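Asks: In the working numbering, the protein residues as written are 201 to 353.
By construction, the Cβ of each residue, glycine as well, lies at the ideal position given by its N, Cα and C atoms.
The model shown is predicted, which means the values in this text are computed figures rather than measured ones.
This structure is in structure tokens; I'll ask about it shortly.
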Amino acid sequence: MVITKPRLTSQVAKDKGKRCLVDRISELPADILVSILSLLALKEAAATSILSSRWRYLWASSVNLIFPFRFGYIDWVNSVVQQYRGSHIKHFSVCFDPGSLMFKRSIMKWIQLAEKKGAQRLELIFFKVGGKIEVSYASPQYIETGMMNLMMN
201 MVITKPRLTS
211 QVAKDKGKRC
221 LVDRISELPA
231 DILVSILSLL
241 ALKEAAATSI
251 LSSRWRYLWA
261 SSVNLIFPFR
271 FGYIDWVNSV
281 VQQYRGSHIK
291 HFSVCFDPGS
301 LMFKRSIMKW
311 IQLAEKKGAQ
321 RLELIFFKVG
331 GKIEVSYASP
341 QYIETGMMNL
351 MMN
């Protein structure tokens, strides 16, 4: 999906008869804009931050934090977790190799954010490059927090 600037409509200014552009989308309340951004992939939602100063951090309140695996994954997820401004999370999804020391340093922060923000769905996708995996990372203290779903693939 390609992110474009909000559609602008023109109005005639009353005082001088000049045309001016009015950004109707940015006039919507922040909670509606966040709801719209939550329908986008996280990377696309973050791309809207360049539209204006009002849009700069709206993406950081998205209720769906779904992280498809990509290059620089750990730094990307940690950056989003650090910048997150929303009051709650509906869906939090991360991919990781539970045997990797790099992931072990960050995974607790990710799960704690999901718990703190009352995630309704926590999805942990374990993978192992070139081998079989043993799932050994599910702490009962997080399963018993009231999250509606804990999924491990």
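1. Could you say which of D231, L237, Y273 lies nearest to M302 if we only look at CA atoms?
2. Can you tell me whether L322 is buried or exposed, with buried defined as 16 or more other CB within 10 angstroms of its CB?
3. Can you grab the Cα-Cα spacing for the pair K227 / Q320, in whole Å?
4. Can you tell which of C295, S238, K317 has its C-alpha closest to the C-alpha of W276?
5. Over what stretch of residues does the alpha helix (DSSP H) that includes V294 continue unbroken?
6. Quick one: complete alpha helix (DSSP H) runs, 4+ long, within the region 212 to 286?
7. With distances taken from CA atoms, which of L221, N278, Y257, L324 is nearest S306?
8. To which residues of the same chain is Q211 closer than 7 Å at the C-beta, ignoring the five residues directly before and after it?
9. My output table needs one value for Q320: the three-state DSSP class, helix, strand or coil.
10. Go ahead and pull the three-state DSSP assignment for F327.
11. In angstroms with no decimal places, state the Cα-to-Cα distance between R270 and P229.
12. Sorted by chain position, which residues of the same chain lie with C-beta nearer than 8 Å to R285's C-beta, five sequence neighbours on each side aside?
13. For M348, which residues in the same chain have their Cβ closer than 8 Å to its Cβ, ignoring the five residues on either side in sequence?
14. Can you give me the Cβ contacts of L242 inside the same chain, cut-off strictly under 8 Å, excluding the 5 residues immediately before and after it?
15. Would S293 be called buried (16 or more neighbouring beta carbons within 10 Å of its own) or exposed?
Replies: On the basis of the data shown:
1. The residue labelled residue 302 in the question sits at position 102 within the sequence shown. The shortest C-alpha separation from M302 is found at Y273.
2. Numbered from 1 along the sequence shown, position 122 holds the residue referred to as residue 322. With 16 or more other Cβ atoms within 10 Å, it is buried.
3. Residue 227 sits at position 27 when you count from the first residue of the sequence shown. Residue 320 sits at position 120 when you count from the first residue of the sequence shown. In the sequence as presented, Lys is not what sits at residue 227; that position holds Glu. So the alpha carbons of these two residues sit roughly 30 Å apart.
4. Counted from its first residue, the sequence shown places residue 276 at position 76. The residue with the shortest Cα to Cα distance from W276 is C295.
5. Within the sequence shown, numbered from 1, the residue matching residue 294 stands at position 94. Here V294 belongs to no alpha helix (DSSP H); instead the beta strand (DSSP E) covers 291 to 296.
6. 230 to 237, 242 to 247, 273 to 283
7. The sequence position of residue 306 within the sequence shown is 106, counting from 1. Ranking L221, N278, Y257, L324 by Cα distance to S306 puts N278 first.
8. Residue 211 sits at position 11 when you count from the first residue of the sequence shown. Confidence at Q211 is low in this model, with a pLDDT of 48, below 50, so its placement is unreliable and the value that follows should be read with caution. Excluding residues within five positions, the ones whose Cβ falls inside 7 Å are C220, V222.
9. Against the sequence shown, residue 320 aligns to sequence position 120. Q320 falls in the coil class under three-state DSSP.
10. The residue labelled residue 327 in the question sits at position 127 within the sequence shown. Reduced to three states, the DSSP call for F327 is coil.
11. For the purposes of this step, residue 270 is taken as the residue at position 70 of the sequence shown. For the purposes of this step, residue 229 is taken as the residue at position 29 of the sequence shown. Those two C-alpha atoms are separated by around 33 Å.
12. Here residue 285 is taken as the residue at index 85 of the sequence shown, counted from 1. Contacts found: Y257, A260, S261.
13. On the sequence shown, residue 348 is found 148 positions in, with the first residue counted as 1. In this prediction, M348 scores a pLDDT of 48, lower than 50, which makes its location untrustworthy; no coordinate-derived value is stated.
14. Translated into positions along the sequence shown, residue 242 becomes position 42. Result list for L242: W259, S262, N264, L265, I266, F267, V280, in chain order.
15. Position 93 of the sequence shown, counted from the first residue, corresponds to residue 293. The residue in question, S293, is buried, as its Cβ has 16 or more Cβ neighbours within 10 Å.
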